[in-house]
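A short write-up of the structure that comes next.
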Amino acid sequence: MQSFIYKGIPTRVVFGSGTSAGVGDEMDRLSVERALLLSTPQQRGDVERLASRLGGRAIAIYDKATMHTPVSITDEAMQYVEGAGIDVVVALGGGSTIGLAKAIALRTDLPQIVLPTTYAGSEMTPILGQTEHGLKTTISTRKVQPEVVIYDVDLTLSLPPGLSGTSGINAIAHAVEALYAQDRNPIISLIAEEAVRALAGALPRIAAAPDDREARSDALYGAWLCGVCLGSTGVALHHKLCHVLGGSFDLPHAETHTAILPHVVAYNARAAPDAIERLSRALGSDDPAHALWVLAGRVGASRALRDLGLAETDAAQAATMALENAYWNPRSLEAAAIRQLMRRAWAGEMPAGDHNLILEKDGQDAQD
Ligand code: NAD
């Protein structure tokens, strides 16, 4: 018999092509008039185009959003909020820019209109990670959940092919862990399976033709669903390892998720048969760990943490750190096996599993 709790995400979602033209309408709906627009330096051009559409309602642009939301950057952005009568924050960008919008919302309770341009999924969550003095802390509060998310497929066309692939697999990781989360529920499991199917189908098409608008639309749709998963259920070993690698060893976010995910799926496979069944359907393979490893290769991602600049001793250290505090995972946290998982991810080897062991014995090359 099933037993679960389900809570919907309150965010209003607008999805399509050219939808960023609707920011003004969304401001009307929220009854706000004075927007602070946020971006990274790289996306200044896109945010300036948005500002020119908003005319006098775009009060200021702050373009220094940075990975992992440093508090010093938020403090600087707050100077644009205070005294300027800002009544809404509009963020155009990936998880870094959205993180800055959330950090401002945490301090001010201002509403957020968010236009995501990667597949990271932060826009659907009540989670904010911030860094100060080299320490990353995470909080979860409804205060930072964006009020409105506008997905505009057009804004994703410029996402470089490499980052498209790793960002998409970063999103898939949210769906994977939702499938075996302690607080999983039937709606989120349906969403997660559909999310993996959509993204796994779209990412190789984007790698082959980055301006394929249908593929971009499928990927963004999948990323939205993955964000819903992340915003609705807890995470487990995969996100813990990536948090340690990003927070303490400064590894890049999406690339790290991509290198780790196949190995965690292999580690958890026997303890999460329902998740594996759904992933098998979504990926069209009876070995989802291997299928994810192949997918990473097909989108041109590095599958070795050593290629991301991690020392082998740091991989072992990260495994130890990820074991320091107890947390939910479908398979118990076994130190030796997790160290082995990290070593394989560090070296870029195929995830452990019967299928892969047979291939290795036969001396065949990895197929991708
Ligand atoms: P990002 O936002 O750091 O973007 C990476 C780079 O790509 C930036 O230079 C950005 O300007 C550029 N870029 C983004 N979209 C582009 C586009 N369409 N065209 C051209 N360039 C583009 O990367 P990310 O992976 O989206 O976000 C990572 C950050 O988000 C991390 O700090 C991570 O912790 C956080 N995150 C938070 C949550 C959450 O729920 N709180 C969820 C996922 C990620």
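Under the numbering used here, the first residue of the sequence shown carries the number 29, and numbering increases by one thereafter.
Every residue gets a Cβ at the ideal spot worked out from N, C-alpha and C, and that includes glycine.
Computed from a predicted model, the values in this text were never measured in an experiment.
**OP:** State the DSSP-derived secondary structure class of Arg62, mapped to helix, strand or coil.
**Re:** Residue state for Arg62 is assigned as coil, using DSSP reduced to three classes.
**OP:** Kindly indicate if chain D contains any beta-carbon less than 8 Å away from that of Glu175.
**Re:** Reference to chain D is not applicable here, since this structure consists of a single protein chain.
**OP:** Return yes when at least one heavy atom of the ligand NAD lies under 7 Å from the C-beta of Ala206, else no.
**Re:** Incorrect: Ala206 has no Cβ contact closer than 7 Å to the ligand NAD.
Original post:
Buried or exposed: which applies to Ile215, given that a residue is buried once 16 or more other Cβ atoms fall within 10 Å of its Cβ?
Top reply: Counting of Cβ neighbours within 10 angstroms places Ile215 among the exposed residues, the total staying below 16.
**OP:** Answer yes or no: the CB of Leu273 versus the heavy atoms of the ligand NAD, is any distance below 7 Å?
**Re:** Checking the Cβ of Leu273 against the ligand NAD gives no.
**OP:** Using only the heavy atoms of the ligand NAD, determine whether one of them is closer than 7 Å to the beta carbon of Leu187.
**Re:** Checking every heavy atom of the ligand NAD against the Cβ of Leu187, one is found closer than 7 Å.
Original post:
Can you name the start and end residues of the beta strand (DSSP E) that Gly121 belongs to?
Top reply: Gly121 -> beta strand (DSSP E) spans 116-121.
Original post:
What residue range is occupied by the uninterrupted alpha helix (DSSP H) comprising Thr39?
Top reply: Per DSSP, Thr39 belongs to no alpha helix (DSSP H) and is neither H nor E.
**OP:** Report yes if the CB atom of Thr284 is closer than 8 Å to the CB atom of Gly274, and no otherwise.
**Re:** Closer than 8 Å, so yes.
**OP:** Look at Gln173 and Leu120 and say whether their C-beta atoms are less than 8 Å apart.
**Re:** Contact annotation: Gln173 and Leu120 have beta-carbon atoms that are not nearer than 8 Å.
**OP:** Take Asp393 and list the residues in its own chain whose beta-carbon comes closer than 7 Å to its own, dropping the five residues that flank it on each side.
**Re:** Below a pLDDT of 50, predicted positions are generally treated as unreliable, and Asp393, at 33, falls in that range; the measurement from the model is reported next regardless. Annotation for Asp393: no residue places its beta carbon closer than 7 Å to its own, counting only its chain and skipping 5 residues before and after.
Original post:
Is it buried or exposed for Ala55, if we count other Cβ within 10 angstroms and need 16 for buried?
Top reply: In the sequence as displayed, the identity of residue 55 is Met instead of Ala. A residue is called buried once 16 or more other Cβ atoms fall within 10 Å of its Cβ, and Met55 is buried on that count.
**OP:** Compute every distance between the C-beta of Leu258 and the non-hydrogen atoms of the ligand NAD, then say whether any falls below 7 Å.
**Re:** Remark: the shortest separation between the CB of Leu258 and any heavy atom of the ligand NAD falls under 7 Å.
Original post:
Hey, is the region 330-347 in contact with the region 231-251, meaning 3+ C-beta pairs nearer than 8 Å?
Top reply: The region 330-347 vs the region 231-251: no contact.
**OP:** Give a single yes or no on whether Leu183 has its beta carbon closer than 7 Å to a heavy atom of the ligand NAD.
**Re:** In terms of side-chain proximity, the C-beta atom of Leu183 is found nearer than 7 Å to a non-hydrogen atom of the ligand NAD.
Original post:
Say the cut is 7 Å; is the CB of Ala148 nearer than that to a heavy atom of the ligand NAD?
Top reply: Flag set: Cβ of Ala148 near the ligand NAD.
**OP:** Kindly examine the ligand NAD and report whether one of its heavy atoms sits closer than 7 Å to the Cβ of Gly122.
**Re:** Because some heavy atom of the ligand NAD lies under 7 Å away, the Cβ of Gly122 counts as near it: yes.
Original post:
Does the beta carbon of Thr125 fall short of 7 Å from some heavy atom of the ligand FMN?
Top reply: The model depicted lacks the ligand FMN and carries the ligand NAD instead.
**OP:** Inspect the beta-carbon positions of Arg85 and Ala63 and report whether they are closer than 8 Å.
**Re:** Yes; because the gap between Cβ atoms is below 8 Å, this pair is in contact.
Original post:
So, helix, strand or coil for Lys171, using DSSP?
Top reply: Assigned with DSSP and collapsed to three states, Lys171 falls in helix.
Original post:
Looking at Ser198 and the ligand NAD, is the gap between the Cβ and the nearest heavy atom below 7 Å?
Top reply: Here residue 198 is Asn; the residue named in the question, Ser, does not match the sequence. The nearest non-hydrogen atom of the ligand NAD is less than 7 Å from the C-beta of Asn198.
Original post:
Going straight from the alpha carbon of Pro132 to that of Ala93, what length do you get?
Top reply: First, the amino acid is wrong: residue 132 is Ile here, not Pro. For Ile132 and Ala93, the gap between their C-alpha atoms comes out near 12 Å.
**OP:** Taking all protein chains shown into account, decide if Leu218 is buried (16 or more other Cβ within 10 angstroms of its Cβ) or exposed.
**Re:** Of the residues assessed, Leu218 falls on the exposed side of the cut-off, its CB having fewer than 16 other CB atoms within 10 angstroms.
**OP:** Output the boundary residues of the beta strand (DSSP E) element that contains Thr159.
**Re:** For Thr159, the uninterrupted beta strand (DSSP E) segment begins and ends at 155-160.
Original post:
Taking the DSSP output, what are the residues bridged to Gly44?
Top reply: Paired residue(s): Asp180.
**OP:** Could you pull the start and end residues of the beta strand (DSSP E) that Ala86 belongs to?
**Re:** From DSSP, the beta strand (DSSP E) with Ala86 extends over 86-90.
Original post:
What residue from Ala282, Asp315, Thr348, Leu289 has the CA that sits closest to Ala364's CA?
Top reply: Checked all of Ala282, Asp315, Thr348, Leu289; the closest Cα to Ala364 is Thr348.
Original post:
Taking Cβ to Cβ, would you say Val181 is nearer than 8 Å to Arg225?
Top reply: Judged by their CB atoms, Val181 and Arg225 are not nearer to each other than the 8 Å cut-off.
Original post:
the ligand NAD heavy atoms versus the CB of Gly113: any closer than 7 Å?
Top reply: Answer for Gly113: no, Cβ out of range of the ligand NAD.
**OP:** Taking only heavy atoms of the ligand NAD into account, decide whether any of them is closer than 7 Å to the Cβ of Gly157.
**Re:** If you check the C-beta of Gly157 against the ligand NAD, you find a heavy atom less than 7 Å away.
Original post:
Under the criterion of a Cβ to heavy atom distance below 7 Å, does Thr153 qualify as lining the ligand NAD?
Top reply: At least one heavy atom of the ligand NAD sits closer than 7 Å to the Cβ of Thr153.
Subject >> Heavy atom of the ligand NAD within 7 Å of Met55 beta-carbon >> reply: No, the beta carbon of Met55 sits no closer than 7 Å to any heavy atom of the ligand NAD.
Subject >> Whole-angstrom distance between Val109 and Asp396, CA atom to CA atom >> reply: With a pLDDT of 31 at Asp396, under the threshold of 50, the predicted position of this residue should be treated as unreliable, though the coordinate-derived value follows. Distance between the alpha carbons of Asp396 and Val109: 49 Å.
**OP:** Evaluate Gln140 with the Cβ neighbour count: other Cβ atoms within 10 Å of its Cβ, from every protein chain shown; 16 or more gives buried, anything less gives exposed.
**Re:** Under this definition Gln140 is a buried residue.
**OP:** Name the residue from Ala206, Leu187, Ala223, Ala324 whose alpha carbon lies nearest to the alpha carbon of Thr261.
**Re:** Checking every option, the nearest Cα to that of Thr261 belongs to Ala206.
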